[in-house]
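Below is one structure; the comments refer to it alone.
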Amino acid sequence: MTSLATSIGGRTFGNCMMNAAGIRCQNKKDLDALVASSAGAYVTKSATPQKRAGNPSPRMHTLNKGSINSMGLPNNGLDYYLDYVIDDQHKRPKATNFLSVAGTSLADNLAMLHQIQESEFNGFVELNLSCPNVPGKPQVGYDFDRVNDVLDQVFQFYTKPLGVKLPPYFDLVHFDQIAAILNQYPLTFVNTINSIGNALVVDPRSEQVVIRPKGGFGGIGGASVKPTALANVRGLALRLKPAIAIVGTGGILNGVDVFEHILCGASMVQIGTQFGYEGTKLFDRLSQELKDIMNQKGYTNIEQFRGKLKTFDD
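FYI, full-length UniProt numbering numbers position 95 of the sequence shown as 95, with every residue one higher than the one before it.
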């Protein structure tokens with residue numbers, strides 16, 4: 001029997017696919033739909049300490065098999081999501097899910113992580129170091145000294161399972177540099193990649209940008225980011241210590257895309273843009289497509305091919 005089960009940090013998930021923070025996970029109705037789906041887990045909308053409206057509209061524009069957005073972290077605040085995941089934990093004590101946090105300052109992140117540490121939540125926290133769409137706030141993930149400082153302060157007190165969501169890197173030396181920092185800490189996972197930030201889409205008919213925030217600059221998601229996402233999954237999988245799992249995100253539209261992420265080293269995958277278009281039925285389709293590929297190749301579980309990407313030097 002073909003299994004899509006996976007494990008991260010000693011926790012087992014019945015399916016290696018889940019949503020990505022940001023899309024269809026902002027409120028209880030969204031999260032309830034994910035609980036009822038065939039996804040292996042869910043991640044909440046990235047939380048800030050207080051409820052946040054986000055950037056002015058239009059802030060998202062559909063592209064061919066993708067999108068550009070500058071949402072600006074609209075969310076209901078940490079208390080809302082922490083209450084939800086704790087309540088879900090009571091209902092489903094054997095399930096592990098992800099609580100995403102994305103403060104706009106180090107102080108915000110530390111305060112939220114203190115609150116989570118002191119709570120009864122025992123799932124995974126995904127610390128977002130890579131949001132490109134908050135005006136005036138740089139992506140922490142591109143300042144390696146700052147990443148080191150953040151993690152140093154976090155792990156002085158935080159003892160629960162923690163992962164970080166990273167921006168895409170575009171130079172091999174950056175993989176070396178970020179991995180050297182991450183390997184110093186007891187991280188449970190790394191999620192790579194967030195959207196490719198600060199892209200620009202122009203409407204030639206109106207001679208205008210297609211979204212309002214930041215003069216039209218926004219993050220790109222969808223099919224066009226997959227090669228960059230795979231490079232980051234592979235680059236980090238080759239450099240991170242085995243205890244740090246990889247969650248692959250970016251450009252997943254079908255089962256082949258999931259297969260490629262896992263082949264490059266991902267233990268789990270998150271789907272954002274396409275999940276936004278299809279909703280929870282996406283997980284049924286992708287699961288069947290991945291099983292079909294595995295059956296054709298004679299694989300019965302994902303560990304048989306995870307990280308086994310071949311190169312011409314092999």
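Glycine included, every Cβ here is placed at the ideal spot set by N, Cα and C.
Nothing here was measured: the structure is a model prediction, and the numbers come from that model.
Measure the beta-carbon distance from residue i to residue j and round it to whole angstroms, keeping in mind my assumption that it falls under 8 angstroms.
i: N97; j: Q26; result: Incorrect: roughly 15 angstroms between the Cβ atoms, too far for contact.
i: V164; j: V190; result: 6 angstroms
i: A213; j: I193; result: It should be pointed out that residue 213 corresponds to Pro in this sequence rather than to Ala. Between I193 and P213 the Cβ distance is about 21 angstroms, and since that is not below 8 angstroms, they are no contact.
i: S38; j: F312; result: Contact flag wrong, Cβ pair sits at about 37 angstroms.
i: F124; j: T44; result: So it is not a contact: roughly 11 angstroms between Cβ atoms.
i: S130; j: L166; result: 5 angstroms
i: G248; j: V269; result: 5 angstroms
Look up residue i in the DSSP assignment and say whether it is helix, strand or coil.
i: E126; result: strand
i: residue 402; result: Outside the shown range of the chain, which is 1 to 314, sits residue 402, and nothing can be said about it.
i: G215; result: helix
i: S67; result: strand
i: I246; result: strand
i: R52; result: strand
i: L236; result: helix
i: L309; result: coil
i: G141; result: helix
i: N75; result: strand
i: A39; result: coil
i: A47; result: strand
i: D314; result: coil
Over the uninterrupted alpha helix (DSSP H) stretch that includes residue i, give me the two end residues.
i: M112; result: L106 to E118
i: S287; result: K281 to K297
i: F175; result: L172 to L182
i: K28; result: K28 to V35
i: V258; result: G255 to C264
i: V190; result: No alpha helix (DSSP H) holds V190; the beta strand (DSSP E) holding it covers F189 to T192.
i: K91; result: L78 to K91
Following the continuous beta strand (DSSP E) through residue i, name the residue where it begins and the one where it ends.
i: M268; result: M268 to I271
i: R11; result: R11 to F13
i: N19; result: M17 to N19
i: G197; result: I196 to L200
i: I8; result: T6 to I8
i: F98; result: F98 to V101
i: V210; result: No beta strand (DSSP E) holds V210; DSSP gives it neither H nor E.
i: L162; result: L162 to K165
Between residue i and the rest of its own chain, which residues show a CB-CB distance below 8 angstroms, the 5 nearest in sequence each way excluded?
i: E260; result: K226 and L230
i: F170; result: T228
i: A237; result: I246, C264, G265, A266 and G307
i: A33; result: R24, G279 and T280
Return the chain-ordered list of same chain residues with a C-beta closer than 7 angstroms to the C-beta of residue i, the five sequence neighbours on each side being excluded.
i: K28; result: Y84
i: I302; result: L4, T6, C16 and I262
i: S241; result: Here residue 241 is Lys; the residue named in the question, Ser, does not match the sequence. Counting only Cβ-Cβ distances below 7 angstroms, and skipping sequence neighbours, we find N183.
i: D257; result: K226 and G251
i: N232; result: P168, Y169, T192 and I193
i: Y185; result: L151 and F155
Have a look at residue i and residue j and give me their C-alpha separation to the nearest angstrom.
i: L99; j: H61; result: 27 angstroms
i: Q288; j: N254; result: 10 angstroms
i: L162; j: T48; result: 17 angstroms
i: R24; j: L31; result: 8 angstroms
i: N55; j: I68; result: 14 angstroms
i: L110; j: Q50; result: 14 angstroms
i: N198; j: V147; result: 20 angstroms
i: G72; j: R92; result: 32 angstroms
i: Y299; j: R239; result: 26 angstroms
i: T104; j: D314; result: 44 angstroms
i: T12; j: I246; result: 14 angstroms
i: R59; j: M1; result: 44 angstroms
i: M18; j: I178; result: 25 angstroms
i: P138; j: I244; result: 25 angstroms
i: I78; j: G22; result: A small correction: the amino acid at residue 78 is Leu; Ile does not occupy that position in the sequence shown. Each residue's alpha carbon lies about 14 angstroms from the other.
i: L151; j: F157; result: 10 angstroms
i: V140; j: Q296; result: 42 angstroms
For residue i, which residues of its own chain have a beta-carbon under 6 angstroms away from its beta-carbon, when the five flanking residues on both sides are left out?
i: R306; result: I262
i: V210; result: H61, V201 and D203
i: F121; result: V85 and I86
i: Q117; result: Y158
i: K291; result: T2
The ligand FAD heavy atoms versus the CB of residue i: any closer than 6 angstroms?
i: I246; result: With respect to the ligand FAD, the structure shown offers nothing to examine, as it has no ligands at all.
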